[in-house]
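Okay, structure first, notes after.
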């Protein structure tokens, strides 16, 4: 702006020139003022724009930081899931350290049966499959009329997954009985019992045997006597047969030997020819 003042003074020797110069100065001054105002307004606008941009940037940074914090807080919410799934297998016991509740079978109520008939026992297993032994007994049964304990072993090994066993012949005396199952999974041994059932005498009692848990000495002593008598009877029969065969052989020899002897001797004619 100061550079235009000397040039305007030189051109302003005429009256018009000065007026024009004054006008020009006014214009220049006017334009300069307006220019300064425009520049200041532009500067203020740009400043406001930059401040707006700065505020928007700060707001964006706040949003991004908020979103980042939001994203960082979500993963911990999903962390407990693997922990719970990994701990679930430990709640299922395997093999060792089992309790009675982990290894058990529940019998269905057995039906009454007649002697020498068949019946089937059913059960529901609890826990892992294992082999059990089954027996029928009258011990610890209320109402049992037998004076001595009776135990009939049905099987020494059957899997709990079979869930049934058929007793083909009820060969025990009349009375109240129950089924016992012994489950063994070292170091745990469990004894399961069924509800009582009644065995009554039927039309056939020929199959009934003595299943006493403590047999007396009388059956044991009678067995050798029977066996000795049997051996003596067999020996006497064998001796008689040998005697008969020997007698027949002697008679046959006595009958055939003279005839053979006569044929073996030379005749009289042959004797003459020889001499």
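Numbering (my numbering), first residue to last: 5 to 279. Glycine included, C-beta positions come from ideal geometry on N, C-alpha and C. Quantities reported herein were computed from a predicted structural model and do not represent experimental measurements.
- The three-state reading of DSSP puts residue 190 in coil, since its state is none of H, G, I, E or B.
- Just so you know, the alpha carbons of residue 110 and residue 138 end up roughly 13 Å apart.
- DSSP, reduced to helix, strand and coil, places residue 179 within a strand of the structure shown.
- Between the alpha carbons of residue 186 and residue 145 lies a distance of about 17 Å.
- Residue 262 and residue 248 have their C-alpha atoms some 22 Å from each other.
- In the pairwise beta carbon analysis, the region 191–210 is classified as not touching the region 156–167: fewer than three pairs are separated by under 8 Å.
- In its chain, beyond the 5 residues on either side, 120, 173 and 175 have a beta carbon closer than 6 Å to the beta carbon of residue 211.
- Counting along the chain, residue 129 sits inside the beta strand (DSSP E) bounded by residues 123–130.
- Rounded to whole angstroms, the gap between the alpha carbons of residue 143 and residue 214 is 15 Å.
- Rounded to whole angstroms, the Cβ separation of residue 125 and residue 183 is 5 Å, and the two are in contact under 8 Å.
- Taking the Cβ atoms as the reference, residue 179 lies roughly 17 Å from residue 157, outside the contact range of under 8 Å.
- Under a 10 Å Cβ-count criterion, residue 253 is classified as exposed, with fewer than 16 other Cβ atoms of the shown protein chains found around its own Cβ.
- If you draw a 10 Å sphere on the C-beta of residue 117, you find 16 or more other C-beta atoms in it, and that means buried.
- Shown here, residue 164 sits in a helix according to DSSP, grouped into three states.
- When 181, 251, 177 and 192 are compared, the shortest CA-CA separation from residue 205 is found for 177.
- The beta-carbon distance between residue 155 and residue 141, rounded to whole angstroms, is 4 Å. This is short enough to meet the 8 Å contact definition.
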